[in-house]
Amino acid sequence: MVSESMYELGTKKSTIRTIFEFGRKRAAEVGEENIFDFSLGNPNVPTPEFIKNAVIDILNTMDVNAIHGYTVAPGHPMVRDALAKSISKRFDTNVTANNLFLTAGAAAAITITFKALNEKQDEFIAFAPFFPEYRCFVENVGGKLVVVPPKIEDFQIDFDAFKSKISPSTKAVIVNSPNNPSGAIYSKETLEALANILSDKEREYGHPIYIISDEPYREIAFDGVVSYIPKIYKNTIVCYSYSKSFSLPGERIGYILIPSEVEGFEKVYGAVAGAARVLTHVNAPSLWQYVIARCADKPSNIEIYRKNAKLFYDGLIDAGFKCVKPQGAFYLFPQSLEKDDYAFCERAKKYDLLLVPGADFGAPGHFRATCCTKTETIERALPLFKKLAAEY
329 MVSESMYELG TKKSTIRTIF EFGRKRAAEV GEENIFDFSL GNPNVPTPEF IKNAVIDILN
389 TMDVNAIHGY TVAPGHPMVR DALAKSISKR FDTNVTANNL FLTAGAAAAI TITFKALNEK
449 QDEFIAFAPF FPEYRCFVEN VGGKLVVVPP KIEDFQIDFD AFKSKISPST KAVIVNSPNN
509 PSGAIYSKET LEALANILSD KEREYGHPIY IISDEPYREI AFDGVVSYIP KIYKNTIVCY
569 SYSKSFSLPG ERIGYILIPS EVEGFEKVYG AVAGAARVLT HVNAPSLWQY VIARCADKPS
629 NIEIYRKNAK LFYDGLIDAG FKCVKPQGAF YLFPQSLEKD DYAFCERAKK YDLLLVPGAD
689 FGAPGHFRAT CCTKTETIER ALPLFKKLAA EY
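So the sequence shown is numbered by this note's numbering: it starts at 329 and just counts up by one.
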C-alpha cells in the first residue's frame, strides 16, 4: 500500500523531538518556568537587527515579483557572486558563483550531496558522535552509513578505528566541526592526518573519496579556530547553513560549495543540480537569498553561547560529571552517571531535566544538553543536576 520505510520514518519521531514534545506537555502541567528543556538545538540568540533591516529594505525597494518569484535552480547569480566574494576574502581562496548551489538549509545541502555522490550502495563514513539524521539521509538515497566509534577523551578522530572502516566502497567521509553533539572542533593536525589517509586510499582504490564538511556551527567557535577544510584536502564539499550563525533555523537558507579543485568538478556540480531536481528543491527561498547576499560579511553574536557553555560546563564538573569541554556549537556531551544513558535520561525527568541519550548520536554512555537556552534556566538547573548526581 505504502512504503514501509517511509511510514516508519514518518510515524516514529526522533528521540530529540519526542523529548521536546514531552516537555511541551509537561510545561502545561507544572508551568514553563519549571521545565528545564535541554533537548532541542533551537538558537535562542535573537535574529540580528541587520537581518531585520535587510528584510524590510528588500520588501520596500525590490520588485515584488523578484522577491517572491523563482530564481534559477542554483540560486540567483548576483547572490552567488556576493557569497563567493565573501568566502574568497574570508578564507583566502578563489571561489566563484559557479562553485555555489544555494539550498533550503544544511539538511537540504547534505541530502542533495549524498544523492549526488551515491552509486551502487556506496558507503559514507561518520565519526561518532554524529547528528542522528545522517543515517536516514544516507539510507534514503540508497547508501550505507558506516560509523567510526568515538574517541571519548577528546572527541577527535580515532584513526586506528577509522582505518578499519574505510574500504573500496567508501565514497565520502562526513566531517562536522564544530560538532553536534560534543562541541569539539577538529584540530588542524587531526584534519591533516585525515587528509593524508584519504589521499593514500584514493591512490590505492583508484577513485576519489570526498569529505562532506557539514558546517552549520562554523561561526560558533569559542576560540575562533575552525580550519577551512578545502585548503587541507582538495576533494572537499562544504554544506553550510545560516540557521545557527544568524538565528534563522525556520527560514531554511544555506548552500553547497563545490570548489573547482574537486576531482571531476563539472560532473559533481552537475550531479548536485540533478539531485536537487529529483529531490524537488526548485530553488532556495528567494527573499532569503537576497538577505544573505547583503549580510554575508556581518558578524555572528556568539557571546551568549560562550557564556552559557562555560557556566554549564563548570557547573556539571562541580556536580561530579565528566565532560569534554566544548570548543564551539551550543551543546555539551557529558558522560551519563550510569552505563544505560536512556535510563539516566529517564531518571533526570524526575527533576524535569530533559536530556537526550548519547546512544542516539552513536556514543552510548553520554547525554546531550543544549546551552542555547536562557542563562537563568541553566543557573536554576545546576542545583537539580547536583541532586541527580547525588543519587549515584
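We put the beta carbon where it would ideally sit given N, CA and C, even for glycine.
Bridge partner(s) assigned by DSSP for residue i
i	result
L428	L585
N685	Looking at the sequence itself, residue 685 is Pro, so the reference to Asn does not match. DSSP, once it has assigned bridges, lists F695 as partnering P685.
T346	BP columns for T346 are empty, so no partner.
I453	V474, V501
G656	A549
F364	L681
Rounded Cβ spacing between residue i and residue j (contact assumed at less than 8 Å)
i	j	result
K559	F419	7 Å
S573	G433	That belief does not hold up - the Cβ atoms of S573 and G433 are roughly 12 Å apart, past 8 Å.
A717	G648	5 Å
S367	I347	4 Å
P478	G690	7 Å
D450	K491	Incorrect: roughly 19 Å between the Cβ atoms, too far for contact.
A489	I513	Not quite, the Cβ-Cβ distance comes to about 20 Å (not below 8 Å), so this is no contact.
Y618	V407	7 Å
K715	Y679	6 Å
A601	P402	7 Å
C673	P685	5 Å
L710	G643	4 Å
Residue i classed as buried or exposed, judged by whether at least 16 other C-beta atoms fall within 10 angstroms
i	result
V503	buried
N427	buried
D625	exposed
T441	buried
A671	exposed
G471	buried
V610	exposed
S333	exposed
E543	buried
G582	buried
L387	exposed
A436	buried
E447	exposed
I584	buried
F351	What sits at residue 351 in the sequence shown is Gly, not Phe. Buried.
V590	buried
Reference residue i, options the options, closest by Cα
i	options	result
Y384	N508, R622, S628, S575	Note that residue 384 is Ile in the sequence shown here, rather than Tyr. Of N508, R622, S628, S575, the residue nearest in Cα terms is R622.
Q484	G470, V469, C464, K516	K516
T564	G656, L445, N370	L445
I620	K595, A401, P685, A412	A412
W616	L639, L576, Y641, K626	L576
D669	Y679, F658, L683	L683
C699	M334, A657, E520	A657
E377	V475, K353, P627	P627
V400	V606, Y679, A612, I438	A612
K341	V407, E461, P405	E461
F455	N507, N468, E467	N507
P496	I453, F640, F487, L665	I453
K638	N393, G511, F459	G511
P536	P509, A604, K595	K595
I630	K653, N372, P457, E357	N372
C464	A394, V423, L585, K443	K443
A521	I557, V553, E532, R546	I557
A603	L430, Y335, K653	L430
For residue i, the first and last residue of its enclosing beta strand (DSSP E)
i	result
C567	564 to 569
L473	472 to 476
I540	538 to 542
First through last residue of the alpha helix (DSSP H) which encompasses residue i
i	result
K491	487 to 493
I620	614 to 623
I379	377 to 389
K702	Premise fails: K702 is in no alpha helix (DSSP H) and is neither H nor E.
E666	Where E666 is concerned, there is no enclosing alpha helix (DSSP H), given that its DSSP letter is neither H nor E.
C464	461 to 468
N372	Run containing N372: none; DSSP gives neither H nor E here.
A435	433 to 445
S416	405 to 419
S527	516 to 533
D642	631 to 647
A512	It is not in any alpha helix (DSSP H) - A512 carries neither H nor E in the DSSP assignment.
E332	332 to 339
N393	392 to 396
V606	593 to 606
Any non-hydrogen atom of the ligand SAH within 7 Å of residue i CB
i	result
I480	Among the components of this structure there are no ligands whatsoever, and the ligand SAH is therefore not found.
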